[in-house]
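Beneath this line is the structure, given in structure tokens, with notes to follow.
In full-length UniProt numbering, the protein residues as written are 1 to 145.
Below, the structure written as structure tokens:
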């Protein structure tokens, strides 16, 4: 049976950020930590070895595959900073057009640095993702422990 790699852990978010090699990426990670926490109202938790997630929800696909995932999150990776939002939300395209310098994948948005993006638009993306997931998976959001 498939085992999810990205699970919530008890690892320290601060310790993870402090171990980021680049001082600028570390600074950006702290800014994103504040921004995501303020916007979602959720405490940051580590998901797997390198994703900082906020809130969580339980999903179940038609295929039967199910699991838990953060509502939103980010990871200060070596090459770029990955921002994690809901997959399947077609409404995010208009916000991405206003975000600033980025590249977008299916679930991830990649940025070089926080200064490249409009923080107000980023907050809107965070809120939109949380709203979309709560609407798609109603009554399944787990409370922070």
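Using N, Cα and C, we set each Cβ at its ideal position, and we do this for glycine too.
Indicate the three-state DSSP secondary structure (helix, strand or coil) for residue i in the structure shown.
i: residue 145; result: Legend: pLDDT at residue 145 = 42, less than 50; position of this residue unreliable, value from coordinates given subsequently. Residue state, collapsed to three classes: coil.
i: residue 98; result: helix
i: residue 68; result: strand
i: residue 30; result: helix
i: residue 43; result: coil
i: residue 86; result: coil
i: residue 103; result: strand
If you drop the 5 nearest sequence neighbours on each side, which residues of the same chain put their C-beta closer than 7 Å to that of residue i?
i: residue 31; result: 114
i: residue 59; result: 66, 67, 69 and 137
i: residue 95; result: 121, 124, 125 and 128
i: residue 98; result: 118 and 121
Around the C-beta of residue i, are 16 or more other C-beta atoms found within 10 angstroms, so that it is buried, or is it exposed?
i: residue 40; result: buried
i: residue 28; result: buried
i: residue 44; result: buried
i: residue 81; result: buried
i: residue 25; result: buried
i: residue 61; result: exposed
i: residue 42; result: buried
i: residue 63; result: exposed
Comparing C-alpha positions only, which one of the options sits nearest to residue i?
i: residue 8; options: 121, 26 and 48; result: 48
i: residue 134; options: 89, 110 and 94; result: 89
i: residue 109; options: 63, 136, 72 and 137; result: 72
i: residue 132; options: 85, 116 and 121; result: 85
i: residue 15; options: 127, 121, 50 and 119; result: 50
i: residue 36; options: 104, 91, 75 and 93; result: 75
Could one say the Cβ of residue i lies closer than 8 Å to chain C's Cβ atoms, at least one of them?
i: residue 26; result: Absent here is chain C; the protein component of the structure consists of one chain.
Who are the near neighbours of residue i in its chain, counting only those whose CB is closer than 8 Å to its CB and skipping five residues on each side?
i: residue 106; result: 87
i: residue 116; result: 100, 101 and 102
i: residue 13; result: 33, 44, 45, 46 and 52
i: residue 112; result: 80, 81 and 101
Starting from the C-beta of residue i, find all residues in its chain whose C-beta is less than 6 Å away, skip the five residues before and the five after it, and write them out in chain order.
i: residue 11; result: 46
i: residue 53; result: 45, 47, 70 and 73
i: residue 77; result: none
i: residue 21; result: none
i: residue 129; result: 72, 85 and 86
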